[in-house]
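Below: the structure, in structure tokens.
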Amino acid sequence: DSGVTQTPKHLITATGQRVTLRCSPRSGDLSVYWYQQSLDQGLQFLIQYYNGEERAKGNILERFSAQQFPDLHSELNLSSLELGDSALYFCASSVGTGPYEQYFGPGTRLTVT
Amino acid sequence: GEDVEQSLFLSVREGDSSVINCTYTDSSSTYLYWYKQEPGAGLQLLTYIFSNMDMKQDQRLTVLLNKKDKHLSLRIADTQTGDSAIYFCAESKEGGATNKLIFGTGTLLAVQP
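Residue numbers (this note's numbering), protein chains in the order written: chain R, 92 to 204; chain V, -17 to 95.
Below you can see the structure in the form of structure tokens.
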């Protein structure tokens, strides 16, 4: 158990809908990262937050957004869902923004039908 | 540029050593990681190495880094059936605002009893 929690574990929804994925980092970690894992794209970095502020963006679609709250949990919002958004979404946390180890949660499997 | 490559599949017999290879293209990468993903699970951090090191050993795991060739390998001694999983190498850079990880394509390790 990495100490990073993600909910829900599975999510099935229809095209055009909006969903919210939730992540709680390890106790004491200030950075939260979101990654997407799909068969065609592999594991890709989406976005990073540090202590409530956005730090870096990767290959994140404009339909996706995220935020980190004062209690340091983070939410990833996916809207106008398309079939191609079906993937595993992972959250990871680390102590800071430097090259610290990143610990991953169990992931949320999103299926868009 | 950012590109990390791994062979897709490796099959070994229980008790043998496994060597999983990874090549990266960004010479400014300063930290390299190995993660393990079991079916239906998140990514488990196995070990990492700084770019100023050539080798790191941690129990059954040995990481070798050849900076000149941008080649990283993970050796698992006395491979067990429980080691069957997908192994990802990942790189990151020191400095800057983020420590996003760039992942390889993953190597599926199958351990035959």
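We put the CB at the ideal spot given by N, CA and C, even for glycine.
Identify the residues that DSSP records as bridge partners of residue 45(V): which are they?
As a first step, residue 45(V) must be located in the second sequence, where it is residue number 63. Residue 45(V) is bridged to 38(V), 56(V).
Please confirm if residue -9(V) has its CB atom under 8 Å from at least one CB of chain R.
In the second sequence, counting from the first residue as 1, residue -9(V) sits at position 9. Output row for residue -9(V): interface = no.
When DSSP labels each residue in this structure, what does residue 27(V) get in the three-state scheme?
Mapped onto the second sequence, residue 27(V) falls at position 45. Residue 27(V): strand per DSSP, three-state reduction.
Smallest Cα separation from residue 176(R): which of 108(R), 191(R), 147(R), 114(R)?
As a first step, residue 176(R) is located in the first sequence; it is residue number 85 there, counting from the start. The shortest C-alpha separation from residue 176(R) is found at 108(R).
Cβ shell of residue -15(V) (< 6 Å), same chain only, five flanking positions each side left out:
Here residue -15(V) refers to the residue found at position 3 of the second sequence. Contacts found: 7.
Residue-chain proximity (residue 82(V), chain R), Cβ-Cβ < 8 Å
Within the second sequence, residue 82(V) is the residue found at index 100, counting from 1. With 8 Å as the cut-off, residue 82(V) counts as an interface residue toward chain R.
Taking its Cβ as the centre, do 16 or more other Cβ atoms sit within 10 Å of residue 100(R), making it buried, or is it exposed?
As a working mapping, residue 100(R) is identified with position 9 in the first sequence. Exposed, by the Cβ-count rule.
For residue 66(V) and residue 30(V), the rounded distance between their alpha carbons:
To locate residue 30(V), count along the second sequence from 1; it is residue 48. To locate residue 66(V), count along the second sequence from 1; it is residue 84. Rounded to the nearest angstrom, the two C-alpha atoms are 20 Å apart.
Measure the beta-carbon distance from residue 171(R) to residue 120(R) and round it to whole angstroms, keeping in mind my assumption that it falls under 8 Å.
In the first sequence, counting from the first residue as 1, residue 171(R) sits at position 80. In the first sequence, counting from the first residue as 1, residue 120(R) sits at position 29. Going by Cβ atoms, the distance from residue 171(R) to residue 120(R) rounds to 31 Å, so no, they are not a contact pair.
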